[in-house]
Amino acid sequence: MRKISTAFMFLFFLPLWLMSQSENVDLSMIYKIKQEGLKNSSIEDLAFRLTDFVGPRLTGSTGNNRGNEWAKKKMEELGFQNVRIEAARDFKNGGWDNLKTYAAMTAPYYVNFACNPVAWTGSTNGSVKGEIVLLDVKAESDLDKYKGKLSGKIVLIPSASTYEVSYEPLASRLTDAQLKDISMATPPSGGRRQNYDLAPTSEQRALRTKISEFLKSEGAVVILNSSGTFNVPRSNGAKYNAGDKEPITELNLPVEDHGRMERLLRHNVPVEMEVEIQNKFFDSPTVYNVIGEIPGTDKLLKNEVVLLGAHIDSWHGGTGAADNASGCIVMMEALRILKNLDVAPRRTIRIALWGGEEQGLNGSRGYVEKYLVDPKTREHKPDFDKFAAYFNMDNGSGKYRGIYIQENEFARPIFEEWLKPFEDMGCSTITIRNTTGTDHLSFDAVGLPGFQFIQDEIEYGRGYHTTMDTFERLVMADLKQNAVITASFVYNAAMRNSKIPGKPVMKPLIKQ
Ligand SMILES: [Zn+2]
507 MRKISTAFMF LFFLPLWLMS QSENVDLSMI YKIKQEGLKN SSIEDLAFRL
557 TDFVGPRLTG STGNNRGNEW AKKKMEELGF QNVRIEAARD FKNGGWDNLK
607 TYAAMTAPYY VNFACNPVAW TGSTNGSVKG EIVLLDVKAE SDLDKYKGKL
657 SGKIVLIPSA STYEVSYEPL ASRLTDAQLK DISMATPPSG GRRQNYDLAP
707 TSEQRALRTK ISEFLKSEGA VVILNSSGTF NVPRSNGAKY NAGDKEPITE
757 LNLPVEDHGR MERLLRHNVP VEMEVEIQNK FFDSPTVYNV IGEIPGTDKL
807 LKNEVVLLGA HIDSWHGGTG AADNASGCIV MMEALRILKN LDVAPRRTIR
857 IALWGGEEQG LNGSRGYVEK YLVDPKTREH KPDFDKFAAY FNMDNGSGKY
907 RGIYIQENEF ARPIFEEWLK PFEDMGCSTI TIRNTTGTDH LSFDAVGLPG
957 FQFIQDEIEY GRGYHTTMDT FERLVMADLK QNAVITASFV YNAAMRNSKI
1007 PGKPVMKPLI KQ
């Protein structure tokens, strides 16, 4: 009788027990992760290596290869397994390195300029010196007046945006009120990045294409654009297909230097410049990812994968520190912590440092196409059902303040429990909102659980894609904390009885 009653009680309470135990976070492991990650961190060394030592990592460049080789070697040193540099996708732009950049105004007086060549544009024929032509074009018909006058000339394209004084602090953290706002299911007000350079409209873009064609046919030798503020040039790349004729040399000058010359020219003061740019185009037809693992140990679950990642490619001006060495070193450090603690995860924990993010999430999309979903038939590949979760970092150096659940309500009760040990680090906000613009979207887009953390802005908006995105932008204390939280999340995901549920599948929504 006594026995029966115990069994009955057990069965009666089992569902409740399972519910309360399902997110039974291993606090002794969280303690160890915090100790290892906060008191024995490798973040500063990893940061130095991937920024100062490796340098800029434009997709397809020599620096990109150097970064991949360094990451592979480091992962091997740290004892990760199945370490490899893996082809992800074809890269249409191909290889490009900047070998020399010099630009100065030589009249009405001498001043040298900080500038950055547009990626995948060509070289000057040695040093080019001459008067600048201001191309004052508001419509295609305005081009007529420049016919036959631009051969061999340096041409300045007027700035599309004007500089506005900002009264915002140079660096910032999210306030409690802002976090409260983010946690609500309304669209974010400002987007993920402050827009310091206003994006051109589609008409402006169309006109720019016409202007480029015109300048090419007229034989101009250098094009000067305005991009970046505070005398810090911002980098970008030309639309270019490997094998095409090399585009005319193009330079991005910060609004101050560009604006000075534009104002002089509009006041009819002749302006002369000396420019020497040397760029190298070479064969580099593939985007690569760098991958490593701590293999799973559970007989049934070891083929399931918990993935963590960040993109290793950067723009070529700075050293891609906040965007996105910060994400890469946090992910590497998270796995280093777990490896150092000799964890025996039930599922396999895999790190992926993606290539080609800046040109359209190439690395992570390539991974999805290779392992998870056939890009043509949309059919799931065998690894699809073994995919447990993906965690991404790509919002700069700021500390985690919570997580975006990408409209996946199933993730909320799980992450609530996982975040509890980090509330006193300021990381407790869960938002139903989507965050966009980077590699977790490659997984989210095919219905797999892919997440990014909410991060403090710090100096991200000013610095990303610019020559000031260097080691100095990294807040080491924040990155250490991020590695600890990431290590805990991936460990929890690797130990949990079941995978994090994906969003329910439904018919495509038809816009009314
Ligand atoms: Zn990025």
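Numbered per my numbering, the sequence shown spans residues 507 to 1018.
Ideal placement from N, C-alpha and C gives every residue a C-beta, glycine not left out.
Please tell me whether residue i and residue j are closer than 7 angstroms, where the distance is taken between their beta carbons.
i           : j            : result
residue 836 : residue 999  : no
residue 678 : residue 922  : no
residue 996 : residue 540  : no
residue 628 : residue 755  : yes
residue 578 : residue 589  : yes
residue 544 : residue 1009 : no
residue 609 : residue 757  : yes
residue 824 : residue 976  : yes
residue 830 : residue 900  : yes
Closer than 6 angstroms by C-beta to residue i: which residues in its own chain qualify, once you throw out the five before and the five after it? Chain order, please.
i            : result
residue 774  : none
residue 1005 : 894
residue 680  : 907 and 962
residue 784  : 605, 606 and 629
Check residue i in the structure and name its three-state DSSP category.
i            : result
residue 1011 : coil
residue 791  : coil
residue 846  : helix
residue 457  : Look at the range of the chain in this structure, 507 to 1018, and you will see that residue 457 is not part of it.
residue 1025 : Residue 1025 is absent from the structure shown; the chain starts at 507 and stops at 1018.
residue 533  : helix
residue 812  : strand
residue 597  : coil
residue 948  : helix
residue 1003 : coil
residue 747  : coil
residue 798  : strand
residue 835  : helix
Looking only at its own chain, which residues have a Cβ that is under 7 angstroms from the Cβ of residue i, when we skip the five neighbours before and after it?
i           : result
residue 858 : 795, 797, 813, 815 and 873
residue 735 : 669, 702, 760 and 761
residue 480 : Not covered by the structure: residue 480. The range shown for the chain is 507 to 1018.
residue 573 : 556, 560, 563 and 818
residue 746 : 599, 626 and 753
Assign residue i to buried or exposed, taking buried as 16 or more other Cβ atoms, counted over all protein chains shown, within 10 Å of its Cβ.
i            : result
residue 530  : exposed
residue 587  : exposed
residue 647  : exposed
residue 697  : Because residue 697 sits at a pLDDT of 48, beneath the cut-off of 50, its placement in the model cannot be relied upon, and the following sentence gives the value as read from the coordinates. With fewer than 16 other Cβ atoms within 10 Å, it is exposed.
residue 537  : exposed
residue 686  : exposed
residue 769  : exposed
residue 654  : exposed
residue 547  : buried
residue 944  : buried
residue 739  : buried
residue 596  : exposed
residue 1019 : Here the chain comprises residues numbered 507 to 1018, so residue 1019 is not present and cannot be evaluated.
residue 954  : buried
residue 690  : exposed
residue 671  : exposed
residue 527  : Here residue 527 scores only 47 on pLDDT, less than 50, and its place in the model should not be relied on; the value that follows carries that caveat. Classification of residue 527: exposed, given that the 10 Å Cβ count is below 16.
Run the proximity test for residue i: is its beta-carbon closer than 6 angstroms to any non-hydrogen atom belonging to ligand 1?
i           : result
residue 945 : no
residue 551 : no
residue 830 : yes
residue 819 : no
residue 763 : no
residue 900 : yes
Once you ignore the five residues that flank residue i on each side, which residues in its own chain have a CB closer than 8 angstroms to its CB?
i           : result
residue 808 : 801, 802, 852, 853 and 854
residue 649 : 643, 716, 717 and 720
residue 981 : 903, 904, 905 and 964
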